[in-house]
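Position one of the sequence shown corresponds to residue 1 (this note's numbering), numbered consecutively onward.
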Amino acid sequence: MNDRPELRQSLIGRAGEITALARAISAARSGSPGLLLVAGPAGIGKTALVEHVLARHASDAGVRRVTGVAWETGLPLGIADQLVRGNGTGAALPGPEAPQAVLDTGRLLHRQWTARQEREPLIVVVDDAHWADVESLRAIRSALRRMSTERVLVVLIARDEPYELHEVHSGKPELSRPVLATLEFLDGCGDNAVRPAPLTPQHVRTLARETTGVALDLPAARHLCRHTRGNPRHTARLLRELPCETWQEWRPELPAPARYATAVRHRLACCDASARALVEACAVLGEEASMTEAAALAGLDAPLPAVDEAQAAGLLAATLDPGRPQLAFPHPLARAAVLTGVELTVRTELHRRAAEITQDRARQLGHRVAAVTKADETLADELDAYAAERASAGEWHAVADTLVLASRLSTRRGEREERLLRAIDAMIGGATCRRPPRSPPNWRASRRARCATWSSPTWPSCAAGRPRPRRSWPTPVGTARRSGSRS
1 MNDRPELRQS LIGRAGEITA LARAISAARS GSPGLLLVAG PAGIGKTALV EHVLARHASD
61 AGVRRVTGVA WETGLPLGIA DQLVRGNGTG AALPGPEAPQ AVLDTGRLLH RQWTARQERE
121 PLIVVVDDAH WADVESLRAI RSALRRMSTE RVLVVLIARD EPYELHEVHS GKPELSRPVL
181 ATLEFLDGCG DNAVRPAPLT PQHVRTLARE TTGVALDLPA ARHLCRHTRG NPRHTARLLR
241 ELPCETWQEW RPELPAPARY ATAVRHRLAC CDASARALVE ACAVLGEEAS MTEAAALAGL
301 DAPLPAVDEA QAAGLLAATL DPGRPQLAFP HPLARAAVLT GVELTVRTEL HRRAAEITQD
361 RARQLGHRVA AVTKADETLA DELDAYAAER ASAGEWHAVA DTLVLASRLS TRRGEREERL
421 LRAIDAMIGG ATCRRPPRSP PNWRASRRAR CATWSSPTWP SCAAGRPRPR RSWPTPVGTA
481 RRSGSRS
């Protein structure tokens, strides 16, 4: 996306990256010039990381900052011009059309930086280097190649996921040649790179507490972490944009952050009708879908042109394995942005049709649940029966998810609470939660009272390593009780 990370973003979980950057600064201070690439997806905290380390570990150094912008990527030596003018010496760059323009610019940068580092160590920061012109980057590399003991460090901060670099403000979303040349140059810098890692669920819990005061339990943090792929900016924005009650639900359907969603929908609007239909069909089918099912749901007899356009816009990625072509979104947030942009009536109809198209029973049930707008006891019974099958296989995560859905669709209060209590037991059996999401106020007493009547396959071991007692599940409607089955 084109929005920049907030510079005051939390640096939770960045101890290793801070150490690596500090080590590079120390080496440059000792007379080992170098170039360091700080790369990662938008919002991972690259700029915040660099600014934090500069403030803490480079107080004695001179820092020169320049920033690339999308509309100057094709301007030869644009970044180099900023660097030269910033030194205030009045020196002029050679004309970009000159045969030796890059080398001459490299020599000029070398002279200026050499003189500057005699007074103090010099750190040159090129932010958003993925938008920098490749001629300037080559000139910077040439200047460093001519150094041996100068106290100079160049830090390039760049995104490393091409789908984020599409020009969403243009009618042609494909990457331009100058951007591709810059990305190729940055790929060559990968040997000396710092790549901030995604946040872990524990980091997400800390971020939630620090930024919004929300106390996330571990399952909610895992769910949010998977949805944002541990991206600090996306995580923080969702925590701010969504009401606190969201995190009390069991695996709620999460949207994309508002700015991210706007950018994705703009790309989608630039596509033609068939590509839009295909992308929306994939959003309904899930993060990954077979091309055959997606084309059938979108009503396309020849889907490949639509696939090509969606790929060019950075909205889908295709895996064309023989006999099993698959389509997937580049990021869970991209799917969420598309899905929440589809009108509810259209989305409901797509889910209804998807339930008829897909052959996988779990996904079929999921689509049927998404297509209903009120309680449905028949569908709740089918979900209950499917949960019993998954319990026999020891798939407790699937059991919990299915029973939560069955509880929500139940028309009778007794069955609704019973299914929710069994879902809670499955969550505990699968070691997925410490407390129940939105359960009845007297759930503990109810659960103790009912436990004597529950018996079933041997439950998975609890956290302490001891096997759980043998309990039984009420026989689902329309399903014969399985006796003696083991998980």
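Ideal Cβ placement from N, Cα and C applies to all residues, glycine included.
Grab the span of the alpha helix (DSSP H) containing residue i for me, first residue to last.
i, result
"Ser142", "Val134 to Arg145"
"Leu122", "No alpha helix (DSSP H) holds Leu122; the beta strand (DSSP E) holding it covers Leu122 to Asp127."
"Pro232", "Pro232 to Glu241"
"Ser392", "Glu377 to Ser392"
"Ser274", "Ala273 to Leu285"
"Ala295", "Met291 to Ala298"
"His203", "Pro201 to Thr211"
"Asp191", "Run containing Asp191: none; DSSP gives neither H nor E here."
"Gln311", "Leu304 to Ala312"
"Pro219", "Leu218 to Thr228"
"Leu339", "Pro332 to Gly341"
"Val266", "Inspection of the sequence shows that residue 266 is occupied by His rather than by Val. Run containing His266: Ala258 to Ala269, per the alpha helix (DSSP H) assignment."
"Glu415", "Arg413 to Gly429"
"Asp360", "Premise fails: Asp360 is in no alpha helix (DSSP H) and is neither H nor E."
"Arg408", "Trp396 to Leu409"
Applying the criterion that 16 or more other CB atoms from any shown protein chain within 10 Å of the CB defines a buried residue, is residue i buried or exposed?
i, result
"Glu382", "buried"
"Ser456", "The predicted model places Ser456 with a pLDDT of 35, which falls under 50 and marks its position as unreliable; any figure quoted below should be read in that light. The residue is buried, with at least 16 neighbouring Cβ atoms inside 10 Å."
"Glu17", "buried"
"Val69", "exposed"
"Thr358", "buried"
"Ala273", "exposed"
"Trp71", "exposed"
"Ser410", "buried"
"Ala24", "buried"
"Gly43", "buried"
"His130", "buried"
"Ala197", "exposed"
"Pro201", "buried"
"Cys271", "buried"
Output the distance between the C-alpha atoms of residue i and residue j, rounded to the nearest integer angstrom.
i, j, result
"Glu389", "Arg363", "15 Å"
"Ile140", "Leu35", "9 Å"
"Asn442", "Val342", "Model confidence at Asn442 stands at a pLDDT of 47, short of 50, so the residue's coordinates are unreliable; what they give is reported in the following sentence. One C-alpha to the other measures close to 39 Å."
"Val214", "Leu199", "17 Å"
"Leu137", "Phe185", "8 Å"
"Leu285", "Thr345", "16 Å"
"Glu51", "Arg151", "19 Å"
"Ala289", "Gln326", "6 Å"
"Arg416", "Ser407", "4 Å"
"Glu287", "Arg419", "28 Å"
"Ala48", "Leu108", "30 Å"
"Pro232", "Glu241", "14 Å"
"Ala296", "Glu280", "12 Å"
"Leu183", "Ser26", "28 Å"
"Leu75", "Leu83", "14 Å"
"Val179", "Arg209", "39 Å"
"His331", "Leu254", "13 Å"
"Thr73", "Glu349", "44 Å"
"Ala15", "Glu293", "45 Å"
"Ala488", "Ala354", "Outside the displayed span of the chain (1 to 487) sits residue 488, for which this structure offers no information."
"Arg361", "Ala80", "59 Å"
"Ala20", "His367", "47 Å"
"Leu300", "Ala328", "17 Å"
"Glu97", "Ser176", "20 Å"
"His203", "Arg324", "37 Å"
"Gly40", "Arg159", "5 Å"
"Trp396", "Leu339", "28 Å"
"Lys374", "Asp187", "52 Å"
"Thr246", "Leu379", "25 Å"
"Ala337", "Val194", "30 Å"
"Leu403", "Ser392", "14 Å"
Examine the ligand ATP and report whether any of its heavy atoms sits within less than 7 Å of the Cβ of residue i.
i, result
"Ala20", "In the structure shown, the ligand ATP is absent, as is every other ligand, since no ligand is present at all."
Between which two residues does the beta strand (DSSP E) containing residue i stretch?
i, result
"Ile157", "Val152 to Ala158"
"Gly62", "Gly62 to Thr67"
"Gly16", "First-last for Gly16: Ala15 to Arg29, but that is the alpha helix (DSSP H), not the beta strand (DSSP E)."
"Val38", "Gly34 to Ala39"
Measure from the C-beta of residue i to each C-beta in chain D and report whether the shortest distance is under 8 Å.
i, result
"Ala158", "Considering every chain present, this structure includes no chain D. It has just one protein chain."
What does residue i pair with, by DSSP beta-bridge criteria?
i, result
"Val324", "The question names Val, but residue 324 is Arg in the sequence shown. The partner list for Arg324 (beta bridge, DSSP) reads Asp321."
"Glu288", "Ala328"
Which ranges does the beta strand (DSSP E) cover as unbroken runs of at least 3 residues, wholly within the region 45-119, from first to last along the chain?
-> Runs of the beta strand (DSSP E) inside the region 45-119: 62-67.
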